[in-house]
Every structure is written in structure tokens, then in C-alpha cells.
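K.L.:
Residue numbers (the numbering used here): 6 to 294. A virtual CB, placed ideally from N, CA and C, is assigned to each residue, including glycine. Please see the structure below; I have some questions.
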Ligand SMILES: [Zn+2]
Ligand SMILES: [Zn+2]
């Protein structure tokens with residue numbers, strides 16, 4: 006069981022009460038608050054060891070435009086992005102019979118893919134008897150130092166925090182957006198009170214970092230945010246109360262671990278994995294701005 010040790014400041018005002026019609030757009034989200042640590046292969050984590058069966062081949066990137074091992078078989082080994090268990094995150098829609106979600110992606114550069122290559126695996130944890138000890142890793146020797154590494158998250162333990170949020174302003178219907186803008190003349194307060202930055206499960210993706218109205222490629226049902234990825238924890242109200250004393254330590258490891266915990270620098274800000282709202286077994290897609 007993971008305890009809550011990071012807290013978002015309570016909103017200064019209740020926007021759902023002040024802006025008629027907004028309450029219907031409230032959604033539940035779980036801020037993950039990853040922090041560098043040593044998660045085990047059975048834990049929920051970002052960037053830690055996966056509970057991967059020793060008998061099963063490790064996923065490799067099959068994208069034809071991958072700049073790592075282009076055209077080779079197998080391609081570049083994928084790296085672990087996240088592992089989430091049903092016990093820690095009951096709000097995830099696990100396909101029947103599964104209780105472990107594993108997400109991997111390729112750190113290579115892909116010039117032409119519409120979706121960043123990722124692999125999403127749902128399993129039943131009790132079926133993994135022997136765990137793979139040393140998964141293959143991409144060979145980054147000779148590459149620009151630090152470039153691809155920013156796509157490999159540091160192993161982080163999670164400090165989940167559940168809260169209510171509201172969509173990015175441009176995701177709202179026109180008449181509701183007009184009311185929000187009339188209420189929030191400088192447009193900063195709504196942003197601070199609505200959509201959580203950082204790694205999170207559920208809710209809505211921030212700042213239009215994915216196209217609006219995404220649908221499932223298999224059945225056309227609306228796609229919902231499964232996991233948001235972000236470079237940092239966010240500032241202002243979103244900076245966890247417990248970490249604010251570290252704000253004056255800019256440039257130190259303590260600061261970095263609190264505010265850019267995974268060490269990732271995703272190109273242009275956040276991105277997200279989207280799942281089918283009708284059938285969790287339909288393909289999950291990764292979108293980045
Ligand atoms: Zn690739
Ligand atoms: Zn679907």
C-alpha cells in the first residue's frame with residue numbers, strides 16, 4: 006500500500022459553483038507524484054523494473070522509421086515507462102482477469118510515425134512465476150550524450166493523490182468557455198484551478214497536448230486519458246505543499262528530484278496514453294503534442 010505524502014493545495018475557490026454548467030465536466034484524476042527511488046518489480050512505479058516473465062521475449066521497436074537499429078530485426082529494445090497495479094489504482098479499467106499494467110516505449114527518434122511507438126501489456130500478476138532479471142537495453146554508445154537518456158525515466162516510486170479536475174479551457178463547449186472567460190478575465194485562475202500537470206492517471210490532458218475528441222481506432226468510442234506524461238510537477242498551486250521548501254534550492258539534486266523527478270524531457274511538454282472507453286482491450290495510443 007502506498008501512502009499519500011504529496012498534497013496539492015486546495016483550490017482557492019470552487020469554480021464548479023461559480024461557473025454554471027462546469028460541474029458536469031468534473032473528472033477524477035490521480036496525480037502520481039513520482040520521486041526517485043528503488044521500486045521493486047512487483048510495485049507500481051515509473052521507470053522501475055517490470056514484472057516481466059523470463060520466458061517471454063522483451064518488446065523491441067518495430068517502427069520502420071526508428072533511428073535506432075533501423076531496418077534490423079529485432080529493432081531497439083523498448084524501455085519501461087510505467088508499471089501500475091490494480092491494487093494501487095482501482096480507477097484504471099483493467100481488462101477482465103488482469104491486475105497489472107505495463108507500459109514500454111522506444112527511446113529512438115521516429116520521423117514519420119503518427120503515434121510514438123509504445124507497448125501496453127495487461128497481465129495477471131500471479132501468472133508471472135519467474136521474473137526476467139536483466140532486460141535488454143538500447144545501446145546508446147556513440148549517441149549524443151544525454152539526448153536519448155531524457156526519454157528514459159529514472160526509477161521512481163509513486164505517491165498517488167486523488168483529486169477532482171476540470172478540462173483545459175479549449176476542451177469545453179463554446180458557451181461554457183464563454184462563461185469561463187467572462188469569469189476569468191486574465192485566464193490564469195481557471196488554468197490554476199482546472200487541470201493537473203505532471204504524471205497522472207485519468208482526468209483530462211493539459212494544454213491541448215493531444216488533439217481533442219480522440220476516438221478508439223478499433224470501435225470509434227471516445228478515447229479517455231489513461232496516463233499523462235510530463236516533464237515536471239508544475240508550479241503555483243500544483244507544486245506539492247510538502248516540497249515547497251525546496252523551491253529555493255534551484256540547481257540542486259533535491260530540487261531536481263522534487264520538481265523534475267523522472268528526469269525526462271519530453272519534446273514539447275506533456276503527452277498522454279489514451280485508451281478506449283468502451284473496451285480496455287482495444288489498442289492504447291500514445292499522443293504527444
Ligand atoms: Zn523506435
Ligand atoms: Zn474501442
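With distances taken between CB atoms, is the gap from residue 197 to residue 241 smaller than 9 Å?
P.N.:
yes
K.L.:
Quick one: measure Cβ to Cβ for residue 37 and residue 211, integer angstroms, because I've assumed they're closer than 8 Å.
P.N.:
Wrong, their Cβ atoms sit about 14 Å apart, outside the cutoff.
K.L.:
State the CB to CB distance for the pair residue 84 and residue 44, rounded to an integer number of angstroms; the pair is presumed to be in contact (CB under 8 Å).
P.N.:
That belief does not hold up - the Cβ atoms of residue 84 and residue 44 are roughly 15 Å apart, past 8 Å.
K.L.:
Should residue 115 and residue 219 be called a contact, given that it needs their Cβ atoms to be closer than 9 Å?
P.N.:
no
K.L.:
What does a CB cutoff of less than 7 Å around residue 113 pick up in its chain, not counting 5 residues either side in sequence?
P.N.:
For residue 113, same chain residues with a beta-carbon under 7 Å away, outside a window of 5 residues either side, are 66, 71, 72, 73 and 81 in chain order.
K.L.:
Comparing C-alpha positions only, which one of 194, 283 and 245 sits nearest to residue 17?
P.N.:
194
K.L.:
Would you identify the three-state DSSP class for residue 253, choosing helix, strand or coil?
P.N.:
helix
K.L.:
Below 8 Å, is the gap between the Cβ of residue 218 and the nearest heavy atom of ligand 1?
P.N.:
no
K.L.:
Could you check the C-alpha separation between residue 6 and residue 33 for me, to the nearest Å?
P.N.:
For residue 6, the predicted model reports a pLDDT of 47, less than 50, meaning its position is unreliable and no value from the coordinates is stated.
K.L.:
For residue 254 and residue 287, what's the separation of their Cα atoms in angstroms?
P.N.:
Each residue's alpha carbon lies about 45 Å from the other.
K.L.:
Where residue 56 and residue 46 are concerned, what is the direct C-alpha to C-alpha distance, given to the nearest angstrom?
P.N.:
5 Å
K.L.:
Does the distance from the C-beta atom of residue 127 to that of residue 105 stay below 9 Å?
P.N.:
yes
K.L.:
Just checking my contact of residue 51 with residue 163 at CB under 8 Å: how many whole Å lie between their CB atoms?
P.N.:
7 Å
K.L.:
Could you spell out the range, first to last residue, of the beta strand (DSSP E) harbouring residue 36?
P.N.:
32 to 36
K.L.:
Decide if residue 284 is buried, meaning its Cβ has at least 16 other Cβ atoms within 10 Å, or exposed.
P.N.:
exposed
K.L.:
Among 39, 175, 75 and 186, which residue has its Cα nearest to the Cα of residue 24?
P.N.:
186
K.L.:
Taking the Cβ atom as the reference point for each residue, do residue 161 and residue 267 lie within a distance shorter than 9 Å?
P.N.:
yes
K.L.:
Please confirm whether any heavy atom of ligand 2 lies closer than 8 Å to the CB of residue 239.
P.N.:
Checking the 8 Å criterion, the Cβ of residue 239 is out of range of every heavy atom belonging to ligand 2.
K.L.:
Check each candidate in 154, 96 and 174 and name the one with the smallest Cα separation from residue 20.
P.N.:
174
K.L.:
Please name the residue, chosen from 280, 269 and 177, that lies closest to residue 153 on a Cα-to-Cα basis.
P.N.:
269
K.L.:
Do you know offhand how far residue 69's Cα is from residue 290's?
P.N.:
17 Å
K.L.:
Residues around ligand 2, please: the condition is that the C-beta lies closer than 6 Å to some non-hydrogen atom of it.
P.N.:
221, 223, 224, 226, 281, 283, 284 and 287
K.L.:
Mind listing, in chain order, the continuous alpha helix (DSSP H) runs of no fewer than 4 residues lying wholly within the region 26 to 92?
P.N.:
none
K.L.:
In three-state DSSP terms, what is residue 18?
P.N.:
coil
K.L.:
So which residues put a beta carbon under 7 Å from any heavy atom of ligand 1, going in chain order?
P.N.:
Cβ atoms closer than 7 Å to ligand 1 belong to 66, 68, 71, 73, 80, 81, 111, 113, 115 and 122.
K.L.:
Does DSSP classify residue 230 as helix, strand or coil?
P.N.:
strand
K.L.:
Given residue 202, which residues of its chain have a CB within under 6 Å of its CB, disregarding the five upstream and five downstream residues?
P.N.:
211, 235, 239 and 243
K.L.:
Per DSSP, residue 280 forms a beta bridge with which residues?
P.N.:
229
K.L.:
Answer yes or no: does any C-beta atom of chain C fall closer than 9 Å to that of residue 21?
P.N.:
Looking for chain C here will not work: only one protein chain is present.
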